[in-house]
Amino acid sequence: MTGPRRAGPSYREASARRRLAAILDEGSFGELLGPTERVTSPHLAALDLPVAFDDGVVVGTGLLGGQPVLGASQEGRFLGGAVGEVHGAKLTGLLRRALAERPAAVLLLLDTGGVRLQEANAGIVAVSEVMRAVLAVRAAGIPVLALVGGAWGCFGGMGIVARCCDGVLMSEEARMGISGPDVIEATRGVEELDASDRAMVWRTWGGKHRVLLGEADRLLEDSLPAFREAARQLVGRARPLTLAALEAEQAWLARRLADLGGSADALDAWRSAGVDEPERLPLLEPPAWSAAVAGARRVRP
Amino acid sequence: MSVDELLRQLFPGGHAVRREGDLLVGTGRSPAGEIAVLGLCDGVDVGVELALRLATEVLRVVRDHPGRPILTLVDTRGQRMSKRDEVLGLNGYLGHLAACVELARQAGHKIVALVHGQAASGSFLALGMMADEIHAVDGASLSVMNLPAMSKVTKIPLERLERLSRGSPVLAPGLANYVALGCVRSIWSAPLAAGLEAALARPVEPDRRARRGLERGGRTLAEPVARRVSVTTTHGE
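Going line by line, the protein sequences match chains A and B. The opening position of the first sequence corresponds to residue 1 in my numbering, with each subsequent residue numbered one higher. The opening position of the second sequence corresponds to residue 302 in my numbering, with each subsequent residue numbered one higher.
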């Protein structure tokens, strides 16, 4: 994709390992249960599928802006970053570690289609364990941040996990939701949704719409330094998991549904939110886009 | 089992659970006291409105009835799959619901889930699977995807998936598989009230599903891998 000059290498095109190393302070990453340990999925061999020595996720410790953090990074190039038994257990283990170590934040670099179908039942239970662990870490006052900038985006149960976090950072090119376009078309038919309509797919699940809704907090350019800087700014900033905070979020979500609930398409939602000429939004670069949606953007409380 | 029969068996002392469409909401009387009941029926697909409604009820119990145990009755095929739900950010509504259940746990509400029909996918994750204890009535149906659909998506022949499913709880739908994986703690049969009373009497424990999966032989790596990541030192230390 050609685009504006970036401030650094592409986040989207980097491997999971490189993303995490670039987000953390240089040289600070220490991997836990790395590939040399050869802990692989016990379920793929029976299906004659190749295994990965890290089961598609890198986890470890490091520093961000000099503060200790824990980080995980899903490798979309291995089975679409999907969560199986070992992959999920590495994420859950990292979050359990956070309860003992109390880092300044846990960073989840998500790039995933959700549950790994080849390990279906173990996969969904693993996603549930990750979800509970994220919320337990938040309840302990440690912020958990989701970074979504990979080619798979963040879907299925992991799309729920992202929204259980304190905050979500997204690039314009990334996508987030629960049921992806192919799944909806396969389940409900092309009359409900045409997954080959690229423009519709990007405006529905892409970073711009997610930030306009308030589902994601920041729209970033697709570069490693942009993600690093945005994550650095959010370290140590927890959204409290209290009755007052969740009642505020409840009211905010209810208001958004009342205002935008009649929208059949993201364009309708942008119009209902008060954007003039919503058709031009997909074409705007992030700074111009931010100015165009300033009055319409929903910001999560 | 009909919903009326289910509630009668769970609460022989009586209940005030009303049905609003596919939502069940109210209270039941047990020897331990009043129980908040929040549930789904008819395998309903949970979209943005229902997810928000469920979250409202969880917050109402936390606000108005501190410490009251919560029983969630699960019967859902999953999240509603529609373009509109995605446009409106359904994952955010379900994430909020999960956070509300976590708040209830942190505030001291014991949370028990009972699968009485179907359980699958996003809505099971955000409500039922967030409970301290997950149980199922005999005959409940738990799944991610049926084998013919899985065969289509993964391009693995159906016959092969069926053969592998006989030796592994990981692939095929089925309650027994979810018990083996440690996800479902036990299967309740009549009288259901006994199962509920026992669950309410047990102290809350942290998430031990992986450990149960290990003990039951259905998930042998989840617990040891999580433990190793949680306690070992990093490379170079």
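All C-beta atoms, glycine included, are put in the ideal place defined by N, C-alpha and C.
**Study point:** Beta-carbon proximity check, residue 333 of chain B vs residue 369 of chain B, cutoff 7 Å
**Key:** Numbered from 1 along the second sequence, position 32 holds the residue referred to as residue 333 of chain B. Numbered from 1 along the second sequence, position 68 holds the residue referred to as residue 369 of chain B. No, Cβ-Cβ distance for residue 333 of chain B and residue 369 of chain B is not below 7 Å.
**Study point:** Residues from the stretch 497 to 528 of chain B in contact with chain A, defined by Cβ distance under 9 Å
**Key:** 507, 508, 510, 511, 514, 519, 520, 521, 522, 523, 524, 525, 526, 527, 528
Check your understanding: residue 140 of chain A: which of A:98, A:176, A:108, A:113 sits nearest, CA to CA?
Key -> Reading the first sequence from its first residue, position 140 is the one you call residue 140 of chain A. Comparing Cα positions, the closest option is A:98.
Practice item. Tell me where the beta strand (DSSP E) around residue 257 of chain B begins and ends. Key: This structure leaves residue 257 of chain B out entirely; chain B is present only between 302 and 538.
Exercise for review: Decide yes or no for the touch test of the stretch 71 to 88 of chain A against the stretch 53 to 61 of chain A: beta carbon pairs closer than 8 Å, at least 3 of them.
Suggested key: yes
Check your understanding: In the DSSP assignment, what residue or residues form a beta bridge with residue 380 of chain B?
Key -> Start at 1 with the first residue of the second sequence, and residue 380 of chain B comes out as number 79. DSSP lists B:347 as partners of residue 380 of chain B.
Practice item. List in chain order: all unbroken beta strand (DSSP E) runs of 3+ residues lying wholly within the stretch 424 to 452 of chain B. Key: 434 to 438, 442 to 444
Check your understanding: From the beta carbon of residue 457 of chain B, is the nearest beta carbon of chain A less than 7 Å away?
Key -> Mapped onto the second sequence, residue 457 of chain B falls at position 156. Yes, because at least one Cβ of chain A sits closer than 7 Å to the Cβ of residue 457 of chain B.
**Study point:** Other residues of its chain near residue 304 of chain B: CB distance less than 6 Å, five sequence neighbours each side excluded
**Key:** In the second sequence, residue 304 of chain B corresponds to position 3, counting from 1. Closer than 6 Å at the Cβ level, and outside the excluded window around residue 304 of chain B, lie 342.
Check your understanding: residue 112 of chain A and residue 527 of chain B: beta carbons closer than 7 Å?
Key -> The residue labelled residue 112 of chain A in the question sits at position 112 within the first sequence. The residue labelled residue 527 of chain B in the question sits at position 226 within the second sequence. No, these two residues do not count as a Cβ contact at 7 Å.
**Study point:** Paired residues, beta bridge with residue 336 of chain B - DSSP
**Key:** To locate residue 336 of chain B, count along the second sequence from 1; it is residue 35. Answer is B:329.
Review point. Along chain A, which residues have their Cβ under 8 Å away from the Cβ of residue 384 of chain B?
Key: Looking up residue 384 of chain B in the second sequence gives position 83. 184, 192, 193, 204, 264, 265, listed in chain order.
Practice item. Establish whether the CB of residue 171 of chain A and some CB of chain B are separated by less than 7 Å. Key: If you number the first sequence from 1, residue 171 of chain A lands on position 171. Answer no: the Cβ-Cβ gap between residue 171 of chain A and chain B never drops below 7 Å.
Exercise for review: Using a Cβ-Cβ cut-off of 7 Å, state whether residue 231 of chain A counts as contacting chain B.
Suggested key: On the first sequence, residue 231 of chain A is found 231 positions in, with the first residue counted as 1. Judged by the 7 Å Cβ criterion, residue 231 of chain A is not in contact with chain B.
Check your understanding: When Cβ atoms are compared, which residues of the stretch 359 to 384 of chain B fall closer than 7 Å to chain A?
Key -> 360, 363, 364, 380, 382, 383, 384
Review point. Can a CB atom of chain A be found closer than 7 Å to the CB of residue 427 of chain B?
Key: By 1-based counting over the second sequence, the position of residue 427 of chain B is 126. Output row for residue 427 of chain B: interface = yes.
Review point. In angstroms, rounded to a whole number, what distance separates the CA positions of residue 229 of chain A and residue 22 of chain A?
Key: Here residue 229 of chain A is taken as the residue at index 229 of the first sequence, counted from 1. Here residue 22 of chain A is taken as the residue at index 22 of the first sequence, counted from 1. If you take the alpha carbons of residue 229 of chain A and residue 22 of chain A, they lie about 11 Å apart.
Practice item. Go through its chain and collect everything with a Cβ distance to residue 249 of chain A's Cβ below 8 Å, but skip five positions before and after it. Key: Residue numbering aside, residue 249 of chain A sits at position 249 when the first sequence is read from its first letter. Taken in chain order, the residues that qualify are 300, 301.
Point to revise | Close beta carbons around residue 309 of chain B, own chain, < 7 Å, minus the five adjacent residues each side | key: Position 8 of the second sequence, counted from the start, is the residue given in the question as residue 309 of chain B. Result list for residue 309 of chain B: empty, nothing under 7 Å.
Check your understanding: Between residue 514 of chain B and residue 146 of chain A, what straight-line distance do the alpha-carbon atoms span, to the nearest angstrom?
Key -> The residue labelled residue 514 of chain B in the question sits at position 213 within the second sequence. The residue labelled residue 146 of chain A in the question sits at position 146 within the first sequence. Roughly 28 Å separates the two Cα atoms.
Review point. Under 7 Å between C-beta atoms, does residue 537 of chain B make it to chain A?
Key: Position 236 of the second sequence, counting from 1, holds the residue named residue 537 of chain B. Here residue 537 of chain B scores only 45 on pLDDT, less than 50, and its place in the model is too uncertain to base an answer on.
Point to revise | Cross-chain neighbours of residue 250 of chain A in chain D, by beta carbon under 9 Å | key: Of the protein chains in the structure, A and B, none is chain D.
**Study point:** Test: residue 158 of chain A CB closer than 7 Å to a CB of chain B
**Key:** Walking along the first sequence from the start, residue 158 of chain A turns up at place 158. Answer no: the Cβ-Cβ gap between residue 158 of chain A and chain B never drops below 7 Å.
**Study point:** Whole-number beta carbon distance between residue 462 of chain B and residue 446 of chain B, since they are thought to touch under 8 Å
**Key:** Within the second sequence, the letter at position 145 stands for residue 446 of chain B. Within the second sequence, the letter at position 161 stands for residue 462 of chain B. Actually they do not touch by this definition, with Cβ atoms about 10 Å apart.
Exercise for review: Inspect the CB distances between the stretch 217 to 226 of chain A and the stretch 191 to 203 of chain A and report whether three or more fall short of 8 Å.
Suggested key: no
Review point. Alpha carbon to alpha carbon, how far is residue 84 of chain A from residue 178 of chain A?
Key: On the first sequence, residue 84 of chain A is found 84 positions in, with the first residue counted as 1. On the first sequence, residue 178 of chain A is found 178 positions in, with the first residue counted as 1. Cα to Cα, the separation comes out at about 17 Å.
Exercise for review: Could you have a look at residue 417 of chain B and say whether DSSP puts it in helix, strand or coil?
Suggested key: Numbered from 1 along the second sequence, position 116 holds the residue referred to as residue 417 of chain B. The answer is strand: DSSP assigns residue 417 of chain B an E or B state.
Practice item. Give the DSSP-derived three-state secondary structure of residue 371 of chain B in the structure shown. Key: Residue mapping note: residue 371 of chain B aligns to position 70 of the second sequence, counting from 1. Correct three-state label for residue 371 of chain B: strand.
Practice item. Could you tell me which residues DSSP puts in a beta bridge with residue 154 of chain A? Key: As a working mapping, residue 154 of chain A is identified with position 154 in the first sequence. Residue 154 of chain A is bridged to A:112, A:176.
Check your understanding: Which residues of chain B have a Cβ atom closer than 8 Å to the Cβ of residue 97 of chain A, listed in chain order?
Key -> Walking along the first sequence from the start, residue 97 of chain A turns up at place 97. The answer, in chain order, is 530, 531, 532.
Check your understanding: Hey, how far is the Cα of residue 49 of chain A from the Cα of residue 281 of chain A?
Key -> Stepping through the first sequence from its first residue, residue 49 of chain A is reached at position 49. Stepping through the first sequence from its first residue, residue 281 of chain A is reached at position 281. Spanning the two alpha carbons is a distance of roughly 42 Å.
Practice item. Look at the alpha carbon of residue 459 of chain B and the alpha carbon of residue 448 of chain B, and state the distance between them as a whole number of angstroms. Key: Walking along the second sequence from the start, residue 459 of chain B turns up at place 158. Walking along the second sequence from the start, residue 448 of chain B turns up at place 147. Roughly 7 Å between the two C-alpha positions.
Check your understanding: Are the CB atoms of residue 417 of chain B and residue 374 of chain B nearer to each other than 7 Å?
Key -> Mapped onto the second sequence, residue 417 of chain B falls at position 116. Mapped onto the second sequence, residue 374 of chain B falls at position 73. Against a cut-off of 7 Å, the Cβ pair of residue 374 of chain B and residue 417 of chain B comes out as a contact.
Point to revise | Through-space distance from residue 119 of chain A to residue 453 of chain B, alpha-carbon basis | key: Taking the second sequence and counting its residues from 1, the one referred to as residue 453 of chain B is at position 152. Taking the first sequence and counting its residues from 1, the one referred to as residue 119 of chain A is at position 119. Distance between the alpha carbons of residue 453 of chain B and residue 119 of chain A: 15 Å.
Point to revise | Per-residue contacts from residue 243 of chain A into chain B (C-beta, under 8 Å) | key: In the first sequence, residue 243 of chain A corresponds to position 243, counting from 1. Under the 8 Å cutoff, chain B gives 360, 363, 364, 404, 408.
Point to revise | DSSP state of residue 488 of chain B mapped onto helix, strand, coil | key: For this step, residue 488 of chain B is matched to residue 187 along the second sequence. Looking at residue 488 of chain B - three-state DSSP - the assignment turns out to be strand.
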